[in-house]
Amino acid sequence: MKTILTSFVLIFSILIVGCNDNTKPKEQYIDNDRPGDTATVYFDALYNQHNLQKASNFATPKLARIMKSYGTAKQFARSLINLQFDEVVIEIDMSNSSLREQYGNHAKINIVFTGYFNGKKIDDFRSIEMLKIKGKWYVDKIIADPYGR
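For the record, in the sequence shown the residue sitting at position 119 is 110 according to the working numbering, with numbers rising by one throughout.
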């Protein structure tokens, strides 16, 4: 009888743990020790969630003030970043080790954007400068596309 009860408790425990629905928001999973994770969540908030407030939480105070002056995520992305998407996949470019440089509290990262705008596929990238403040990484500057316009 004791082994049946123990087996039942063990099986029930496994089912409870296995069926746990993890509903934490994406930004709670980021590893803030890596600047690329913060950059990815920042651009996801801008382009996929269209949430300027959430994106500004991952920006330095100076960049956050500039962002808020545009009013909406769409206006900021169109005007300052010069990229527009209906839907986009955001990845860190790790193809060349010199493209991602991290020195102390500063990092420069290339982000690759693959998405669609008005039915046309767009592949583009942006370099961004990251700054570490009190142990957390923030987007400090979005470097202008040298080949744009």
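Don't be surprised by glycine CBs; every beta carbon is placed ideally from N, CA and C.
Bear in mind the structure is a predicted one, so any value in this text is a computation, not a measurement.
Report buried or exposed for residue i, applying the criterion of at least 16 other Cβ atoms within 10 angstroms of its Cβ.
{"i": "Ala36", "result": "buried"}
{"i": "Ile(-5)", "result": "exposed"}
{"i": "Tyr138", "result": "exposed"}
{"i": "Asn96", "result": "exposed"}
{"i": "Pro26", "result": "buried"}
{"i": "Met85", "result": "exposed"}
{"i": "Ile124", "result": "exposed"}
{"i": "Met121", "result": "buried"}
{"i": "Met(-8)", "result": "exposed"}
Terminal residues of the continuous beta strand (DSSP E) containing residue i?
{"i": "Ser118", "result": "Lys111 to Ile124"}
{"i": "Ala98", "result": "His97 to Phe108"}
By Cβ distance below 6 Å, which residues in the same chain neighbour residue i in space, the five residues on each side in sequence not counted?
{"i": "Asp77", "result": "Tyr107 and Phe108"}
{"i": "Ala55", "result": "Ser47"}
Under 7 Å Cβ to Cβ from residue i, same chain only, skipping five residues before and after it: list those, please.
{"i": "Ala64", "result": "Leu37, His41, Asn42, Leu43 and Ala46"}
{"i": "Phe34", "result": "Ile81 and Ile102"}
Which residues bound the alpha helix (DSSP H) around residue i?
{"i": "Ile57", "result": "Pro52 to Ser60"}
{"i": "Asp28", "result": "Pro26 to Tyr38"}
To which residues does DSSP link residue i through a beta bridge?
{"i": "Tyr129", "result": "Leu122"}
{"i": "Ile81", "result": "Phe104"}
{"i": "Tyr94", "result": "His97"}
Ignore the nearest five residues each way along the sequence and tell me which others in residue i's own chain have a CB closer than 8 Å to its CB.
{"i": "Tyr61", "result": "Leu43, Phe67, Ser70 and Leu71"}
{"i": "Asp114", "result": "Val103, Phe104 and Thr105"}
- Query: Okay, do the stretch 60 to 73 and the stretch 119 to 132 touch, 3+ Cβ pairs below 8 Å being the bar?
  - Reply: no
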